[in-house]
Each structure stands twice: as C-alpha cells, then as structure tokens.
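Q: Mapping the sequence shown onto this note's numbering, position 64 (from 1) lands on 81, and the numbers just tick up by one.
Don't be surprised by glycine CBs; every beta carbon is placed ideally from N, CA and C.
All values derive from a computational prediction rather than experimental measurement.
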Amino acid sequence: MEQFNNQYVKRSQKDYSLSFKLAVVGEVESGSIGNRAAMRKYGIQGHGTITEWRRKYGNFDIDNHSQSKSMQTPEQKIQELQEKIKRLERQNGFLENRLTESEDKALILDKLIDLAEEEYLIKVRKNFSPDQSNLSAKKTKKR
Numbered sequence: 018m019e020q021f022n023n024q025y026v027k028r029s030q031k032d033y034s035l036s037f038k039l040a041v042v043g044e045v046e047s048g049s050i051g052n053r054a055a056m057r058k059y060g061i062q063g064h065g066t067i068t069e070w071r072r073k074y075g076n077f078d079i080d081n082h083s084q085s086k087s088m089q090t091p092e093q094k095i096q097e098l099q100e101k102i103k104r105l106e107r108q109n110g111f112l113e114n115r116l117t118e119s120e121d122k123a124l125i126l127d128k129l130i131d132l133a134e135e136e137y138l139i140k141v142r143k144n145f146s147p148d149q150s151n152l153s154a155k156k157t158k159k160r
C-alpha cells in the first residue's frame, strides 16, 4: 500500500493494429465473448473502444446495439419482429391497466370530493367560468 502513496499511474493510449481490431471484433460478434470480457482478455482500456470497432469494422448497429439488419436472414427478421410484437403487446396491456387504475382513482376522488362538499357544506371545486379566465387575461395585459 505504501508504494501507491504520491504515485500516479498515467495510462497511455494504445494504438492497435487493424488485424488485432478485426480479430477482437470477430470474436465478439461470433458470440464467444462479450465486450467486457474482451476488454479484460486483451487489456483494452476504453469502455467504448470495442463498440466503436464493431461499428467501424463489424456488423454492429450502434443505435440498436445489435447486428445490422442487413446481415439478418428472413427467419431472424421474422423472429425479431415477433418478439417486438410480444413486447409491445405486453407494454400496451400494462399501459391499459395503468389507464384503468387512473380512471378509477379519478372517480373515487371525485366521489370523495362530492361527499366532503355534502358533509361539511363547503365548496371544494373551483368554478372556472369563461368570464373569470377573460378577466385574468385582461389584468396581465394592462400596463
């Protein structure tokens, strides 16, 4: 631990050969190793280095973090679209449930306000008449 006191290790930028980059990209895209594992295995320092190499030299679509669409077989495209449909259907169901819950909550709160107004004889809701909104707009326009 004493050897680290007041010592700074400066990382140097490494230049990798094209053949090395292609070998790493090929290994990652074959699926035998992931980006992080390749970083550890080959001592690559930058987190985005391999991703950048894959974008430049491989079949990697940076936006979707997947193989380029042009390299997929029709069966792979169909499978991907079916998975997307399932994901969107699940998301749609979830959002429909949330909408139903929100509508139910709004009805319950509306009834609660009605009960409070009847029980305590107070006006909880604000009246928004067109005259009031026009008056407030005129007040702000005066100089």
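1) Exposed or buried, what is ILE67 when buried is set at 16 or more other beta-carbons lying within 10 Å of its beta-carbon?
2) Shortest alpha-carbon distance to GLY75 belongs to which of ARG53, ARG107, GLU46?
3) Over the uninterrupted alpha helix (DSSP H) stretch that includes PHE145, give me the two end residues.
4) Going by DSSP, what residue range makes up the alpha helix (DSSP H) through TYR59?
5) Is DSSP giving SER119 helix, strand or coil here?
6) Taking its Cβ as the centre, do 16 or more other Cβ atoms sit within 10 Å of ILE95, making it buried, or is it exposed?
7) Let me make sure I understand the geometry here. Which of GLY48, GLY63, TRP70 has the alpha-carbon closest to that of SER36?
8) Can you look up TYR33 in the DSSP assignment and give me helix, strand or coil?
9) Can you tell me whether GLU138 is helix, strand or coil according to DSSP?
10) Go through its chain and collect everything with a Cβ distance to MET56's Cβ below 7 Å, but skip five positions before and after it.
11) Express the C-alpha separation of ASN114 and LEU126 in angstroms, rounding to a whole number.
12) Should GLU134 and LYS128 be called a contact, given that it needs their Cβ atoms to be closer than 8 Å?
A: Let me lay it out:
1) buried
2) GLU46
3) Element bounds for PHE145: n/a, residue is neither H nor E.
4) 52-59
5) helix
6) exposed
7) TRP70
8) coil
9) In the sequence as displayed, the identity of residue 138 is Leu instead of Glu. Coil, per DSSP.
10) ILE67
11) 18 Å
12) no
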